[in-house]
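Participant: To start, I am sharing the structure in question, which I have written as structure tokens.
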Amino acid sequence: MAEIVEYRWSPSPRFYRLTHRLLASPVAAYFRMHWQGIEHIPRDGAIVLACNHLSNLDPVLLAVASPRPINYLAKIELFRVPVLGNLIRRYGAIPLRRSASDPEAIRLAEQVLEHQQVLALFPEGTRSKTGELKPFRFGAARMALKYNVPLVPAAITGTDSAMPTGAKFPRRVPIRIAFGAPIDTAPYRYQNTGGGPEVHLLEAVTNLLQSEVQRLKNTIDEAS
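Under the working numbering, think of the first position of the sequence shown as 2, with each following residue one higher.
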């Protein structure tokens, strides 16, 4: 199948609202979902939502719990799957080539923030096979600092058991999601001298983000 050369980010809010209204409640009931902290998601304006990553189900179930539509990066192979590819396009997903640096995906992700929408990122970069957090990459911190937007941490558990790698259909496993208070990036705001945030600032914000996601995950685990 032909390679996707150029992609226009153009989600369908009407389609999102319709399918969310029809499917969110049944999906939440199937997985016996419980979520907390949605009051931490600003009602409007651009935000970066950063969550741990366990399964392909993660972005779908984050969308069920979120009071606002979310836009996320998905591996480009999914856009070639009949029906699914069209569906995730309309949901605002952004194709990502994981074999190399992908400036087009970065451009589209920035477009999400420029349009004052929610950009969901998984800073680990890939699914955790153990359930434990992998080291976070700088992407979420870089976006939040560059665009001066709230950085909202989130944690999800249960999706690795519900739909592990290679599974064709999700099992009915309880899913827990927690959203945390936005991280204040003001102390780390950089002076733009023609480049991006300095590495030590990215490290500081990324470390803080990872500690917050770990704290949320621990809270969920203790309550389960």
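Glycine residues also receive a C-beta, built at the ideal position from the N, C-alpha and C atoms.
I want to know whether the segment 143–156 touches the segment 23–30 - three or more CB-CB distances under 8 Å.
Facilitator: No, the segment 143–156 is not in contact with the segment 23–30.
Participant: Buried or exposed: L88, going by 16 or more other Cβ atoms within 10 Å of its Cβ?
Facilitator: Taking the first residue of the sequence shown as position 1, residue 88 is located at position 87. Exposed is the call here.
Participant: Please return the same chain residues whose Cβ sits closer than 6 Å to the Cβ of M2, not counting the five positions on each side in sequence.
Facilitator: Taking the first residue of the sequence shown as position 1, residue 2 is located at position 1. Residue confidence is low: M2 scores 39 on pLDDT, short of 50, so the model does not pin down where it sits. No coordinate-derived value is stated.
Participant: Taking the alpha-carbon positions, what's the V113 to F123 distance?
Facilitator: As a working note, residue 113 is residue 112 in the sequence shown. As a working note, residue 123 is residue 122 in the sequence shown. If you take the alpha carbons of V113 and F123, they lie about 16 Å apart.
Participant: If you measure between the beta carbons of V49 and L120, is that distance less than 8 Å?
Facilitator: Your numbering for residue 49 matches position 48 in the sequence shown. Your numbering for residue 120 matches position 119 in the sequence shown. Their beta carbons are under 8 Å apart, which means V49 touches L120 by this criterion.
Participant: Pick helix, strand or coil for R15, following the three-state DSSP scheme.
Facilitator: As a position in the sequence shown, residue 15 is number 14, starting the count at 1. Three-state result, R15: helix.
Participant: Give the straight-line distance between the Cα atoms of V6 and R138, rounded to the nearest whole angstrom.
Facilitator: Position 5 of the sequence shown holds residue 6. Position 137 of the sequence shown holds residue 138. For V6, the pLDDT reaches just 49, beneath the cut-off of 50, and the residue's location in the model is therefore unreliable, leaving the point undetermined.
Participant: Going straight from the alpha carbon of S13 to that of T220, what length do you get?
Facilitator: For the purposes of this step, residue 13 is identified with residue 12 of the sequence shown, where counting begins at 1. For the purposes of this step, residue 220 is identified with residue 219 of the sequence shown, where counting begins at 1. So the two alpha carbons sit approximately 35 Å from each other.
Participant: Do the segment 65–79 and the segment 37–53 touch if we need at least three Cβ pairs shorter than 8 Å?
Facilitator: These segments touch.
Participant: Assign D185 to one of two classes, buried (16 or more other C-beta atoms within 10 Å of its C-beta) or exposed (fewer than that).
Facilitator: Taking the sequence shown and counting its residues from 1, one reaches residue 185 at position 184. Flag for D185 reads exposed.
Participant: Jot down the residue ranges of each uninterrupted alpha helix (DSSP H) in the segment 139–211, minimum 4 residues, whole runs only, in chain order.
Facilitator: As far as the segment 139–211 is concerned, its whole alpha helix (DSSP H) runs of at least 4 residues are 140–148 and 160–163.
Participant: Assuming contact is defined by CB atoms lying nearer than 8 Å, are A163 and P154 in contact in what I supplied?
Facilitator: The sequence position of residue 163 within the sequence shown is 162, counting from 1. The sequence position of residue 154 within the sequence shown is 153, counting from 1. No, these two residues do not count as a Cβ contact at 8 Å.
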